[in-house]
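Visitor: Just so we're aligned, residue 1 is where the sequence shown starts under this note's numbering, counting upward by one.
Cβ atoms here follow ideal geometry from the backbone N, Cα and C, with glycine treated the same way.
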Amino acid sequence: TLFLDELANTPALVQEKLLRVIEYGEFERVGGSRPVRVDVRLVCATNEDLPSMADNGEFRADLLDRLAFDVITLPPMRERREDILLLAEHFAMNMARELGFELFSGFSEKAKNTLLDYHWPGNVRELKNVVERSVYRTNNPYVPVHHIQLNPFESAYRPTQRIKTRANGPQKPTEPLVTPPDTADNKETGNTSSPANPSIDFSNGVDFKTLAQDFEVKLIKEALSASQYNQKKTADLLNLTYHQLRGYMKKYQLLESQQG
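1) Can you list, in chain order, the residues of its chain whose CB lies under 6 Å from that of F59, leaving out five sequence neighbours each side?
2) Pop quiz: G25 and V38 are said to be a contact at Cβ under 8 Å. What is the actual Cβ separation, rounded to whole angstroms?
3) In or out: S292 buried (at least 16 other Cβ within 10 Å) or exposed?
4) Quick test of the definition: if touching needs 3 or more C-beta pairs under 8 Å, does the region 60 to 73 touch the region 103 to 119?
5) Can you give me the start and stop residues for the beta strand (DSSP E) that P11 sits inside?
6) Count the other CB atoms within 10 Å of the CB of V36; is the residue buried (16 or more) or exposed (fewer)?
7) For Y118, I'd like the list of residues in its chain whose CB is within less than 7 Å of its CB, leaving aside the five on either flank, ordered along the chain.
8) In chain order, which continuous runs of the alpha helix (DSSP H) of length 4 or greater are located wholly inside the region 39 to 109?
9) If you compare alpha carbons, which of R29, V40, T10, V21 is closest to N47?
10) Using a C-beta cutoff of 8 Å, does L150 count as contacting chain B?
11) Here's the rule: buried if 16 or more other CB atoms are within 10 angstroms of the residue's CB, otherwise exposed. What is I200?
12) Give me, in chain order, the residues of the same chain whose beta-carbon lies closer than 6 Å to that of L103; leave out the 5 immediate sequence neighbours on both sides.
13) In angstroms with no decimal places, state the Cα-to-Cα distance between R125 and N239.
14) Please name the residue, chosen from R158, T114, N129, K128, that lies closest to H147 on a Cα-to-Cα basis.
15) Determine the closest residue to F69 out of D83, R41, H90, with distance taken between C-alpha atoms.
16) On the three-state DSSP scale, how would you describe E16?
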């Protein structure tokens, strides 16, 4: 059983690979060429509305259909007030044990009321962090935890405005990673490198389809060379899926040339 948290944040490429594992029970290792069979059960979690994301094209609808064999929707922490103190006690005792305390003396009434009255937007994770921080700052196993600091950033000296740094300033534009294919002028002069700012003579018209295909072939070949002809890495360099790359290579008969 494999647990996947924050499923809504999964990149599109990973979603595609995950769907393949679910549908066919196989995957390919990074740099590998042969599929590996797996027998795995997935348990996933998210705090997002996946059906709405699928409707908006932000999450694969076919993957959601396969994962939605059974769905359990947990109420937020603020709707389970009876669990707050129980979980807080559990997290506090674990933290006390980690700190080497002989015992945990519990929470004061003021601390309990603070925990119960808070709305917990971060749910159980936030509760765990708040409790552990409170036990650590109390640092006395014989005294009940009295002060609960819900926001660790609260301070009279907290900056009131954002301080701009060089990292946040405007960035110098980077050079393009690829350039269009060689023009006829380059071929005549024997210059096989593409100019920094290539121009095309449109006076007699151009064959757009041929130029575009030549550019795609050149781009794929250069990416293959850069990745030492590892098709998986090549697909990543071109921001394509593995199957999309194979489709382009088949279209331009590059599979045969590589095998040869």
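Guide: Per the coordinate set shown:
1) Excluding sequence neighbours, F59 sits near L50, M53.
2) Correct: roughly 6 Å between the Cβ atoms.
3) Missing from the structure shown is residue 292; the chain here goes from 1 to 260 and no further.
4) They do not touch, by the three-pair rule.
5) Neither: P11 is in no beta strand (DSSP E) and is coded neither H nor E.
6) So V36 counts as exposed.
7) L150
8) 50 to 55, 61 to 67, 81 to 98
9) T10
10) Here there is only one protein chain, and chain B is not present.
11) exposed
12) P141
13) 34 Å
14) T114
15) R41
16) helix
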